[in-house]
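Numbering (the UniProt record's numbering), first residue to last: 1 to 798.
Quick reminder that beta carbons are idealized off the backbone N, C-alpha and C, glycines included.
The structure presented is a predicted model; accordingly, all values stated were derived computationally and were not measured.
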């Protein structure tokens, strides 16, 4: 068997993580990737981790993980003969992926500008990854990972009483790479309808990070309309707490979970105080003071087992070492052994498991300076490229049955629906999608379940039917819908769809070409397959939380990306499976375990531990190679993030501060001394930033080329000119809640879709008659089904 993207040829002209992770996912799915490095090679070769701690460009574990199985090409693009070699590769490629920065690819001497690429290869898809996108007022703004996180709302107060802190382990860079892969594979479907010119995918890392947040701008808009604070610091309960032998995450998703937790720890009297405790009232300290002795008596494993027996979402907080001992990962064989620098190390496997086109064992990454031969297989190009009749609707004609709940699966189907797929979402009036209950503070009116910002943000572009799957009739109708679908998507715990006869083995009997995407939190097999969990569990179990926070503080939840990240990876796998089916007629099951996606984008800690035997501590807001931080500003709860990458930045910063004597201060006159005196640097910055507004600091420093950004808060996410310039929001009017600006997708495909969304979120059961009569249900049968409450349009007992 070969991968679903066998025959697809990709050229990567990129470095670090974003572009290499994009193409890594394509390699996992069978594509052939030529990685072009300019001398002295990808900087990630010098990042590590390295065996024994000694730098070796051919022995870096993270580089090996991201570039395994690619062909290597070293090209000095100032050399005409090397440029010719690069042109030859691109002329026979289906896709070019680059992250050089806005406009860099357009250098005249390279011959890779838009017009030159059109002459060289009009059949090309060009994926361009940059911080803010290829256009807009922030196009050329200098950034670092910290300042980009700050600009996009990712730097948050994660530990009460301490400055906001970034996400660790470079996770946001993987997120951008995953979106780039999704955009690139979507553009391949557009390409067949646009034969005379390349199709460009303009990927914004800034927008990618906004897309991975739980719709804070929609929530802030709703809170503001009710006169409530828009930047709540409410924390999920219990969150991450200390047990007898380590950290554990106990996460209440519903009011019932909270009552069960109070019962579990022997404090039922706090059952009525969930909201006050979440918001940090005096009850919070009292509750934890009384709960901690109970936690101190039990091990992490014991608490997880007890909580899961009560159906309370709980998971251990793993780091690069302990994750390897997790029985679920171990039994599923997710972590695999690879070679680098003459020795072996452990790394994550592929983040998806297609049943008919499984990911192959990774080959070695290219060695520095050892170029692979180029190939001219032009006659085969296009075998892996699917077609679309309309470039504006690349998924038109695709029928998707959406059995998902909450966010991960619904995110996938929202995306496909946005660009043309007919998505039919199945709920029931007895038990609707649980995401309707999110944001319980906003419940008002009898139709409160139609108004939730989180529900609306996830369920645009769909038709909605209600079917009580506990009835024979409801299950039969669901099977009939699946029989006519191209794709079925679900993300419940495994036993849910299996007990209804809606698993892959059942559906393939009525629809042999079906592609089913199953996205359970913990996987379809393994000792924890039936554990309950949601996004915070994924963050905690996959290593995300252990990598985030201050060195002397607890692990911290990221509170956002795990669900959409699973949806994006599942979309990438589905796009590949659709390509495979169009070539072969073969459907398949795609399993995307959310804990494995989380671990795939938190690869560095486990790689580092396996190579060095050491667990790197949390780094807060610091960087290993230069000084940076998050500093308070004038005004309530105002913060700015800034980075000083080199001596040039330092000189410019001293000038901006009107402190010329700092130019030659021995504490700060070199990168080495600045790192050695980081605490003093932090105090110096805090003293200065406190006298200015965050906007002022960001603009003064950015004008001098120093990376600096105000911490973006939810109430300001609609006030970003860069997003307006790029059309990030889609303005639509919902029949119940009125006008909204819904966030779209983090790339622009040109030519391609001109809109971010097509349809407002549906109301419960809105399309019962429309959808069910389409599969032969008569009007009389509809009336009978409604009378028996198999279908309906109002929440039962709501």
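Reduced DSSP category for residue 378 - H, G, I as helix; E, B as strand; rest coil
Confidence in residue 378 is poor, its pLDDT being 44 and thus under 50, which makes the residue's placement unreliable; the coordinate value appears in the next sentence. Here DSSP, grouped into helix, strand and coil, assigns residue 378 to helix.
Using only alpha-carbon positions, find the residue among 265, 559, 292, 319 that is nearest to residue 603.
The shortest Cα separation from residue 603 among 265, 559, 292, 319 belongs to 319.
For residue 783, name the three-state secondary structure that DSSP assigns.
Helix.
Return the Cβ separation of residue 152 and residue 210 in integer angstroms, given the expectation that the two are a contact with Cβ distance under 8 angstroms.
Confirmed, Cβ separation roughly 5 angstroms.
Counterpart residues of residue 50 in DSSP-defined beta bridges
Partner residues in the beta bridge of residue 50, as assigned by DSSP, are 60.
Own chain, CB closer than 7 angstroms to residue 354, minus 5 neighbours either side, in chain order
The residues are 4, 573, 577, 588, 590.
Can you tell me which of the three DSSP states residue 12 falls into?
Strand, per DSSP.
Cα-Cα, which of 16, 33, 249 is closest to residue 47?
Comparing Cα positions, the closest option is 16.
Excluding five sequence neighbours on each side, which residues of the same chain lie with their C-beta closer than 8 angstroms to the C-beta of residue 592?
The beta carbon of residue 592 lies closer than 8 angstroms to those of 351, 352, 353, 517, 518, 519, 566, 569, 570, 573 in the same chain, with the five residues before and after it left out.
Let's see if you can read the secondary structure: which residues bound the beta strand (DSSP E) around residue 738?
First-last of the beta strand (DSSP E) with residue 738: 738-743.
Distance between residue 225 and residue 381 (C-alpha atoms, nearest Å):
Confidence in residue 381 is poor, its pLDDT being 43 and thus under 50, which makes the residue's placement unreliable; the coordinate value appears in the next sentence. A direct Cα-to-Cα measurement between residue 381 and residue 225 gives close to 54 angstroms.
Answer with buried or exposed for residue 775, where buried requires no fewer than 16 other C-beta atoms within 10 angstroms of its C-beta.
Flag for residue 775 reads exposed.
Under 8 angstroms: do the region 612-624 and the region 661-673 share three or more Cβ pairs, one atom per stretch?
Judged by Cβ distances under 8 angstroms, the region 612-624 makes no contact with the region 661-673, as fewer than three pairs qualify.
Option in 264, 453, 332 with minimal Cα separation from residue 306
Residue 264 is the option with its Cα nearest to residue 306.
Short Cβ contact (8 angstroms threshold) for residue 799 with residue 644
Given that the chain is displayed from residue 1 to residue 798, the structure contains no residue 799 and the question cannot be resolved.
Using the Cβ count rule (16 or more neighbours within 10 Å means buried), how would you classify residue 149?
That one is buried.
Would you check if the distance between the CB atom of residue 175 and the CB atom of residue 208 is smaller than 8 angstroms?
Result yes, Cβ atoms of residue 175 and residue 208 sit closer than 8 angstroms.
Can you check which of these residues, 626, 741, 700, 684, is closest to residue 673 by C-alpha distance?
Taking each of 626, 741, 700, 684 in turn and checking the Cα distance to residue 673, the smallest one comes out for 626.
Here's the rule I'm using: 16 or more other beta-carbon atoms within 10 Å means buried, otherwise exposed. How should residue 24 be labelled?
Buried is the call here.
Give the DSSP-derived three-state secondary structure of residue 703 in the structure shown.
Correct three-state label for residue 703: coil.
Express the C-alpha separation of residue 402 and residue 555 in angstroms, rounding to a whole number.
For residue 555 and residue 402, the distance between alpha carbons rounds to 35 angstroms.
Rounded to whole angstroms, what is the Cα-Cα separation between residue 750 and residue 633?
Cα atoms of residue 750 and residue 633: separation of roughly 41 angstroms, rounded to the nearest angstrom.
Provide the residue span of the alpha helix (DSSP H) that contains residue 222, from first to last.
Segment 216-225, the alpha helix (DSSP H) holding residue 222.
For residue 62, count the other beta carbons within 10 Å of its own beta carbon; 16 or more makes it buried, fewer makes it exposed. Which is it?
It is buried - the Cβ of residue 62 has at least 16 other Cβ atoms within 10 Å.
Start and end of the beta strand (DSSP E) containing residue 249?
It spans 246-251 - the beta strand (DSSP E) in which residue 249 sits, taken as one unbroken run.
Can you tell me the Cα-Cα spacing of residue 451 and residue 740, whole angstroms?
Going by the C-alpha atoms only, they are around 12 angstroms apart.
Can you check which of these residues, 206, 272, 68, is closest to residue 26 by C-alpha distance?
By alpha-carbon distance to residue 26, the top candidate from 206, 272, 68 is 68.
Within the same chain, show all residues whose beta-carbon is closer than 6 angstroms to that of residue 287, passing over the 5 residues directly before and after it, in chain order.
Within its own chain, the residues whose Cβ lies closer than 6 angstroms to the Cβ of residue 287, once the five positions on either side in sequence are excluded, are 270, 277, listed in chain order.
Mind checking who residue 734 pairs with in its DSSP beta bridge?
According to DSSP, residue 734 bridges with 738.
Should residue 795 be labelled buried (16 or more other beta-carbon atoms within 10 Å of its own) or exposed?
Residue 795 counts as buried, since at least 16 other C-beta atoms from the protein chains shown sit within 10 angstroms of its C-beta.
If you scan the region 602-674 from start to end, which runs of the alpha helix (DSSP H) of 4 or more residues do you find wholly inside it?
Runs of the alpha helix (DSSP H) lying entirely within the region 602-674, each at least 4 residues long, are 603-612, 647-656 in chain order.
Residue 404 and residue 490 - do their beta-carbons sit closer together than 8 angstroms?
In contact: residue 490 and residue 404 (Cβ atoms closer than 8 angstroms).
Rounded to a whole number of angstroms, what is the C-alpha to C-alpha distance between residue 217 and residue 231?
Their Cα atoms are separated by approximately 10 angstroms.
Quick check: what's the CA-CA separation for residue 237 versus residue 258?
Taking the straight line joining both Cα atoms gives about 8 angstroms.
Compute the distance between the beta-carbons of residue 514 and residue 496, then report whether it is under 8 angstroms.
A distance of 8 angstroms or more separates the beta carbons of residue 514 and residue 496.
Whose CA, out of 542, 136, 293, 623, lies closest to the CA of residue 852?
Given that the chain is displayed from residue 1 to residue 798, the structure contains no residue 852 and the question cannot be resolved.
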